[in-house]
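Residue numbers (UniProt numbering): 1 to 362.
In this text, a Cβ means the ideal position worked out from N, Cα and C, and glycines have one as well.
Everything below concerns the one structure shown next.
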Amino acid sequence: MQAEIVVLPGDGIGPEVTAAALSVLKTVARRYGHQFTFSEHDIGGIAIDKHGDPLPASTLAACKSADAVLLGAVGGPKWSDPNSKVRPEQGLLALRKGMGLYANLRPVRPHPAALNASPIKPHLLTGVDIMVVRELTGGIYFGEKTRTADSASDLCTYSTAEIERVVRSAFKLARQRRSYVVSVDKANVLETSRLWRDVTARIGRDEFPDVKLEHVLVDAMAMHLLAHPREYDVIVTENMFGDILTDEASMLAGSLGLLPSASLGDGKAGVYEPIHGSAPDIAGKGIANPYATILSAAMLLRHSLGLFDEADCIERSVDGALNSHAFTADLANNGRSISTAAAAQAVIEQMQANCYVAELRD
Ligand code: IPM
Ligand code: MN
1 MQAEIVVLPG DGIGPEVTAA ALSVLKTVAR RYGHQFTFSE HDIGGIAIDK
51 HGDPLPASTL AACKSADAVL LGAVGGPKWS DPNSKVRPEQ GLLALRKGMG
101 LYANLRPVRP HPAALNASPI KPHLLTGVDI MVVRELTGGI YFGEKTRTAD
151 SASDLCTYST AEIERVVRSA FKLARQRRSY VVSVDKANVL ETSRLWRDVT
201 ARIGRDEFPD VKLEHVLVDA MAMHLLAHPR EYDVIVTENM FGDILTDEAS
251 MLAGSLGLLP SASLGDGKAG VYEPIHGSAP DIAGKGIANP YATILSAAML
301 LRHSLGLFDE ADCIERSVDG ALNSHAFTAD LANNGRSIST AAAAQAVIEQ
351 MQANCYVAEL RD
């Protein structure tokens, strides 16, 4: 197949991890006979430096006309002055909003070989397989903000329609899994959460009676996620709760560097990015963990291009690389660690050994 993929390396370790994922996508193209064209555009801090805008119109236009977007990370100390008018993060938020990507899928599946990297006891982690569905274009991230000398506010709003569409995505995903949804909110305090709970309960009752639904308060969920993570299947929640819970959930997988994500809207196009940030402290050293971005590329193949075998192939190959202890520093527990490029190479070698192709092209 032919596909146009926009690559947004961004800041910090973004260029290093996207380069690693690109080498994996190019291997997929060669081995399965696909034609992927890649075009790079600026987003985040580098776009502020070059164009004075964290999301230049040309970048958004390219993303909108592409089949899929692969993104690294945005942000860094250079652009973190609290008084500055534009921030790199605004570019990412504007991209999500501009493309209408309201459902952010963040799978959490601890790999057996990485269990030692997790601060959680290994017996709690085996068999954990969670899909967090984070609402991505509403809530407190996008409400009106005010600031005076001695006060500030961030408005949190949700409409029924915004809740319905993301909750439907979560229920549909649950039907392909263990048919169990936990909706996370703060309905004992927040009005938006009470609306969230009402709408979710109605959608569950009217449209997905076959899926088990539970409502859990976010503070309790923060605890349950570490105490008995194996119980959970699909977790659906609003924008900021999802942001926080998935950083927490990444510790189940052993490293923030292992969690991919897919941001989807109504169409097939999507933005695929690791859930981690730009990690300025290790940027440019060639030691960042590329697996989250490589796994995001697998999600890209599955959700935007419908290339299921190819996506499975990448995921199995990352498993294989981890089994062979191809660990970057974050996973190595002070033991032997390998570079970003070597980790990508380990995945590519697994692909060459294990991914069946009828007609090999390389
Ligand atoms: C994420 C990031 C972003 C977010 C930041 C960089 C704006 O933390 O994708 O989780 O908060 O959504
Ligand atoms: Mn985050």
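(Q) According to DSSP, is Leu71 part of a helix, a strand, or is it coil? (A) Sequence index remark: in the sequence shown, residue 71 carries index 71 (1-based). Of the three classes helix, strand and coil, the one that applies to Leu71 here is strand, per DSSP.
Q) How close, in whole Å, do the beta carbons of Ala341 and Thr328 come, if the pair is a contact with beta carbons under 8 Å? A) As a first step, residue 341 must be located in the sequence shown, where it is residue number 341. As a first step, residue 328 must be located in the sequence shown, where it is residue number 328. Between Thr328 and Ala341 the Cβ distance is about 10 Å, and since that is not below 8 Å, they are no contact.
Q.
Out of Ile348, Arg87 and Arg302, which one is the CA nearest neighbour of Pro290?
A. Start at 1 with the first residue of the sequence shown, and residue 290 comes out as number 290. The shortest C-alpha separation from Pro290 is found at Ile348.
Q: Compute the minimum distance between the beta carbon of Asp247 and the heavy atoms of the ligand MN, and state whether it is under 7 Å.
A: Here residue 247 refers to the residue found at position 247 of the sequence shown. At least one heavy atom of the ligand MN is nearer than 7 Å to the Cβ of Asp247, so yes.
Q: Compare the Cα-Cα distances from Glu231 to each of Pro274, Arg109 and Gly286 and report the closest residue.
A: For the purposes of this step, residue 231 is taken as residue 231 along the sequence shown, with counting starting at 1. Of Pro274, Arg109 and Gly286, the residue nearest in Cα terms is Arg109.
**Q.** Straight-line Cα distance separating Gln35 from Met1
**A.** In the sequence shown, the residue the question calls residue 1 occupies position 1. In the sequence shown, the residue the question calls residue 35 occupies position 35. Those two C-alpha atoms are separated by around 6 Å.
Q. Helix, strand or coil for Phe327 per DSSP?
A. By 1-based counting over the sequence shown, the position of residue 327 is 327. Three-state DSSP puts Phe327 in coil, outside helix and strand.
Q) Counting Cβ pairs, one atom from each stretch, are 3 or more of them under 8 Å apart for the stretch 68-77 and the stretch 112-126? A) no
Q: Grab me the residues of Val216's own chain with a C-beta within less than 6 Å of its C-beta, minus the 5 sequence neighbours each way, in chain order.
A: As a first step, residue 216 must be located in the sequence shown, where it is residue number 216. Answer for Val216: Val182 and Val184, listed in chain order.
(Q) Excluding the 5 residues flanking Glu164 on each side, which residues of the same chain have their C-beta closer than 8 Å to its C-beta? (A) For the purposes of this step, residue 164 is taken as residue 164 along the sequence shown, with counting starting at 1. Cβ neighbours of Glu164 beyond the five flanking positions: Val199 and Ile203.
Q.
On the DSSP bridge list, what partners appear for Gln2?
A. Your numbering for residue 2 matches position 2 in the sequence shown. In DSSP, Gln2 forms a bridge with Gln35.
Q | Limits of the beta strand (DSSP E) - the one that Met131 falls within | A | Counting from one through the sequence shown, the residue named residue 131 turns up at place 131. It spans Ile130 to Glu135 - the beta strand (DSSP E) in which Met131 sits, taken as one unbroken run.
**Q.** Span of the alpha helix (DSSP H) around Ser183
**A.** Stepping through the sequence shown from its first residue, residue 183 is reached at position 183. Taken as a continuous stretch (DSSP letters only), Ser183 belongs to no alpha helix (DSSP H), being part of the beta strand (DSSP E) at Tyr180 to Asp185.
(Q) Please tell me whether, using a cut-off of 7 Å, the distance from the CB of Asp42 to the nearest non-hydrogen atom of the ligand MN is below it. (A) As a working mapping, residue 42 is identified with position 42 in the sequence shown. No, the Cβ of Asp42 stays beyond 7 Å of every heavy atom of the ligand MN.
Q: Tell me where the beta strand (DSSP E) around Glu214 begins and ends.
A: Here residue 214 is taken as the residue at index 214 of the sequence shown, counted from 1. It spans Lys212 to Leu217 - the beta strand (DSSP E) in which Glu214 sits, taken as one unbroken run.
Q. By Cβ distance below 7 Å, which residues in the same chain neighbour Val132 in space, the five residues on each side in sequence not counted?
A. As a first step, residue 132 must be located in the sequence shown, where it is residue number 132. Correct list, in chain order: Arg106, Val108, Ile235, Gly242, Leu245, Thr246 and Ala249.
Q: Drop a sphere of 10 angstroms on the beta-carbon of Met221, count the other beta-carbons inside from all chains shown, and report buried for 16 or more, exposed for fewer.
A: What you label residue 221 is simply residue 221 of the sequence shown in a count that begins at 1. Buried is the call here.
Q) How many angstroms separate the CA atom of Ala288 from the CA atom of Pro88? A) As a first step, residue 288 must be located in the sequence shown, where it is residue number 288. As a first step, residue 88 must be located in the sequence shown, where it is residue number 88. Ala288 and Pro88: Cα-Cα distance of roughly 20 Å.
Q.
Rounded to the nearest angstrom, what separates Asp150 and Lys186 at their Cα positions?
A. Working through the sequence shown from its first residue, we reach residue 150 at position 150. Working through the sequence shown from its first residue, we reach residue 186 at position 186. Cα-Cα distance, rounded: 27 Å.
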